[in-house]
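Novice: In this note's numbering, the protein residues as written are 35 to 221.
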């Protein structure tokens, strides 16, 4: 998790060395290695032909409010998190799932921290359960959420653009090679 941080503050040569070390380790122990992180990880696997050839991208987007299954899964995750809060009464906040989803940007990490802040406030006042007012008082600010939304939008665009190039190269190898080559030389 957080594998995108491997590229922070170091030059391209060091990132390549690090990725080559992962490749060698994976070969030596004969196991698959999974790097998990934000969309910032997308560019790392395409720094060399060796890495690109051995990389499979698995897209795990934020839960979307536009999809009933996504919203249902987000709801189930919220309930699971609430069940782990040792209150006298089970919190009854799931009726506001759309609001909670919107304010957490559909990200479980944001939701978890938000719930933890609200939980701590509820404990301080010795509340028997977590209430909407605890969430409202501790909701993520626009200052926090705006860069997260921007990163998601950028990452989803980069991912979908990269997928289009890959899909085209599979259906038309010559065209795809030209586009992939152009994409690599432009970046």
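Where a beta carbon is used, it is the ideal one built from N, C-alpha and C, also for glycine.
Looking only at C-alpha atoms, which of 142, 116, 185 sits nearest to residue 108?
Specialist: 142
Novice: My guess is that residue 152 and residue 168 are in contact by the Cβ rule of under 8 Å, so how many angstroms apart are they, rounded?
Specialist: Contact holds; Cβ gap of about 4 Å.
Novice: Between which two residues does the alpha helix (DSSP H) harbouring residue 100 extend?
Specialist: Looking at the DSSP string, residue 100 is not in any alpha helix (DSSP H), and its letter there is neither H nor E.
Novice: Going by the CB atoms, is the gap between residue 173 and residue 76 shorter than 8 Å?
Specialist: no
Novice: Quick one, which of 87, 147, 163 has its alpha-carbon nearest residue 120's?
Specialist: 163
Novice: Could you spell out where the alpha helix (DSSP H) holding residue 59 opens and where it closes?
Specialist: 46-63
Novice: By DSSP, does residue 38 sit in helix, in strand, or in coil?
Specialist: helix
Novice: Near residue 113, what residues of its chain come up, given a Cβ to Cβ distance below 7 Å and the 5 sequence neighbours on each side ignored?
Specialist: 128
Novice: I need the straight-line Cα distance from residue 53 to residue 181, nearest angstrom please.
Specialist: The straight-line gap from Cα to Cα measures roughly 27 Å.
Novice: In angstroms with no decimal places, state the Cα-to-Cα distance between residue 62 and residue 88.
Specialist: 15 Å
Novice: Could you tell me the distance, in whole angstroms, from the CA atom of residue 58 to the CA atom of residue 155?
Specialist: 48 Å
Novice: What do you reckon, are the CB atoms on residue 130 and residue 166 nearer than 8 Å?
Specialist: yes
Novice: With distance defined between alpha-carbon atoms, name the residue in 93, 175, 103 nearest to residue 196.
Specialist: 93
Novice: Can you give me the C-alpha to C-alpha distance between residue 184 and residue 150, rounded to a whole angstrom?
Specialist: 24 Å
Novice: Where residue 66 and residue 49 are concerned, what is the direct C-alpha to C-alpha distance, given to the nearest angstrom?
Specialist: 19 Å
Novice: Using 10 angstroms around the beta-carbon of residue 125, count the other beta-carbons present and answer buried if the total reaches 16, otherwise exposed.
Specialist: buried
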